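Just add 30 to wherever you are in the sequence shown, counting from 1, and you've got our numbering.
A short worksheet on the structure shown next.
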Amino acid sequence: MSSVDLHIHSTASDGKLSPAEVVRKSAEAGLTVIAITDHDTVNGITPALEAAKAFPRLKVIPGIEISTDTDKGEVHVLGYFIDYTHPELQVALQRMRNSRKERAQKMIAKLKKLGLPIEWARVQEIAGSGTVGRPHIAQAMLEKGYISTIKEAFTRYISWSGPAYAERTKMSPAEIVSLILRVNGVPVLAHPLTAANPEVMIAELKEHGLVGIEVYYDGCTAEEINRLLGLADKYGLIATGGSDYHGLDANTETMIGGSNVPIEAAERLFALAKQRP
Ligand SMILES: [Zn+2]
Ligand SMILES: [Zn+2]
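Take a look at the structure:
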């Protein structure tokens, strides 16, 4: 158990707990620093900061986890201490949401041509307050009985090579690192080992101003942690980390504070945040 967790999701994206519940659970677990890092949205930050007023020992870092695309798959970039009211950030996030929506509608049109009509309204309903994504389309297809498992929707229709797949406007990891810097944030590469070539990605992003990489991450082995520590050291990056808690399955999931993130990681982020204009 560590007293620091720099990667937590809430209901603002695909987490189960509300931002206020995340804060309360973290305080009750004895944590002293957490970051709220929802996917492509800053909507959880204000309620989390509000809830944190009741727990003076707990510091809440406003953060975000932005999905970016490379030709070899998705890469996630975390931004800490972002100015979450910054107009440029708001515009970029709105553009990303629109592109997801347009893309979902394109896929629904393709499915219709394939003789598999689903309702856009139903897909939105399934997504709830979260961002519309392919899992929601798959769920709507399942309800119609076009497929027998969610996975089948992907393997037969909506994965990259599927007949109902549609592209969305893409942002590269480097573009997002630059955006985070422009809105006064501290950019950190999330779970680097999911990148096709972690070291190439880290070296490239370092040139664009990357400040840290996640090292102490949900489920990483001691060997993986050592490899990542070596890369952090080689490129002069802060070794951060977190549980990537979503609150979905208490039996299998790393709990809040469960990733043994050293307090120094948070202290170095706070020191950087202080130096900004
Ligand atoms: Zn991620
Ligand atoms: Zn995450």
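Glycine residues also receive a C-beta, built at the ideal position from the N, C-alpha and C atoms.
For clarity, every value in this text was computed on a predicted model and none was experimentally measured.
Please list, in chain order, all residues of the same chain as Thr161 whose beta carbon is under 8 Å from its beta carbon, the five residues on each side excluded. Ser43, His69, Asp70, Thr71, Arg127, Arg130
State buried or exposed for Ala194, treating a residue as buried only when at least 16 other CB atoms are found within 10 Å of its CB. buried
Residue nearest to Pro222 in terms of C-alpha spacing, selected from Pro307, Val105, Pro92: Val105
Excluding the 5 residues flanking Glu283 on each side, which residues of the same chain have their C-beta closer than 6 Å to its C-beta? none
Name all residues in chain order for which at least one heavy atom of ligand 1 lies closer than 5 Å to the residue's CB. His106, Ala220
Applying the criterion that 16 or more other CB atoms from any shown protein chain within 10 Å of the CB defines a buried residue, is Asp35 buried or exposed? buried
Among Thr76, Ala139, Glu80, nearest to Asp113 - alpha-carbon criterion: Thr76
Cut-off 8 Å between Cβ atoms - residues of its own chain near Gly260, not counting five sequence neighbours on either side: none
In this structure, does DSSP put Gly379 in helix, strand or coil? Since the first and last residues shown for the chain are 31 and 307, residue 379 lies out of range.
Which residue's Cα is closest to the Cα of Arg87: Gly192, Thr62, Ser97? Thr62
Judging by CA-CA distance, which residue of Ile188, Lys181, Pro203 is the nearest neighbour of Lys236? Pro203
Tell me whether Gly145 is buried or exposed, calling it buried when 16 or more other Cβ atoms sit within 10 Å of its Cβ. exposed
Does at least one heavy atom of ligand 2 sit under 7 Å from the Cβ of Asp70? no
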